[in-house]
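A.B. asks:
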Amino acid sequence: GGDLIYMDRVPQPRGALAALVDASPGEGKGGSGGLVWVVCTHLSHKLCSEEQRSQARQLLAWASGLAGEGGPAVLLCGDMNSPPLVPWSSYRAITTDHSSAARWHDLWWGSGPWFFQSTFPSSFASPLCGVRIDHMFALESRAHAAIKCKSMRVLASSEDAFASDHCAALADLEVQLRGAPRLAA
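All residue numbers for the sequence shown refer to the numbering used here, where the first residue is 13 and numbers rise by one.
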């Protein structure tokens, strides 16, 4: 007895899941659409650590390569465990990545209220308290379909705290085609 394990000293392997989604509007509905790669992840909780930034860089390289040249839009979302505007964080690693001509854009900017949109902790049951560490980013490139965020907000209620320590984020997105392939009907 008495043995302790300090988990913060051990690197945390993380993963990501990608799904190719057909975002075409339904029959009789207007608007554009097409294929979208949706990538969801959960990065290390070690804020501003090399581990967290390294995970973000690996994720960007993998997610950027999913669509290929002239491919579908790419949406990157999940628990980045990093608030915006914190130096040396996964958020900054993503939004300041200059490894290619493509850029990752935080969809919260310009899509509604940016401040007071906290996603953690859910126990506060209000987006007014806490911090936003869950994010949605779109890959911006002339070679890919674009994602436009029409609105975004945090969904918070006292019942949600039983399901997760994070609040859900809801986004109304529009895919703007740039020659991206479409699924055949």
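The beta carbon of each residue, even a glycine, is placed where N, CA and C say it ideally should be.
Measure from the alpha carbon of residue 189 to the alpha carbon of each residue in 154, 61, 171, then state which is nearest.
C.D. replies: Position 177 of the sequence shown holds residue 189. The shortest Cα separation from residue 189 among 154, 61, 171 belongs to 154.
A.B. asks: When the distance is taken between beta carbons, is residue 157 closer than 8 Å to residue 46?
C.D. replies: Within the sequence shown, residue 46 is the residue found at index 34, counting from 1. Within the sequence shown, residue 157 is the residue found at index 145, counting from 1. Contact flag set, yes.
A.B. asks: Comparing C-alpha positions only, which one of 34, 70, 86 sits nearest to residue 148?
C.D. replies: In the sequence shown, the residue the question calls residue 148 occupies position 136. If we check each option's Cα against that of residue 148, 86 comes out closest.
A.B. asks: What does the Cβ neighbour count give for residue 196, buried or exposed, with the cut at 16 atoms within 10 Å?
C.D. replies: If you number the sequence shown from 1, residue 196 lands on position 184. Its pLDDT being 45, under 50, residue 196 is placed unreliably by the model, and the measurement read from it follows with that caveat. Burial call: exposed.
A.B. asks: May I have the straight-line CA-CA distance separating residue 162 from residue 26, to the nearest angstrom?
C.D. replies: Within the sequence shown, numbered from 1, the residue matching residue 162 stands at position 150. Within the sequence shown, numbered from 1, the residue matching residue 26 stands at position 14. Approximately 30 Å, taken between the alpha carbons.
A.B. asks: To the nearest angstrom, how far is the alpha carbon of residue 48 from that of residue 34?
C.D. replies: Along the sequence shown, one-based indexing puts residue 48 at 36. Along the sequence shown, one-based indexing puts residue 34 at 22. Answer to the nearest angstrom: the Cα atoms are 6 Å apart.
A.B. asks: Relative to the C-alpha of residue 98, which candidate in 143, 166, 32, 31 has its C-alpha closest?
C.D. replies: Position 86 of the sequence shown holds residue 98. Checked all of 143, 166, 32, 31; the closest Cα to residue 98 is 143.
A.B. asks: Take residue 24 as the anchor and find which of 30, 32, 61 has the nearest alpha-carbon.
C.D. replies: Here residue 24 corresponds to residue number 12 of the sequence shown, with the count starting at 1. Among 30, 32, 61, the Cα nearest to that of residue 24 belongs to 61.
A.B. asks: Hey, could you find the ends of the alpha helix (DSSP H) residue 76 is sitting in?
C.D. replies: The residue given as residue 76 occupies position 64 in the sequence shown. Looking at the DSSP string, the run of the alpha helix (DSSP H) that includes residue 76 is 62 to 78.
A.B. asks: Name the residue from 114, 176, 119, 66 whose alpha carbon lies nearest to the alpha carbon of residue 182.
C.D. replies: The count along the sequence shown starts at 1 and reaches residue 182 at position 170. Taking only the C-alpha atoms, the option nearest residue 182 is 119.
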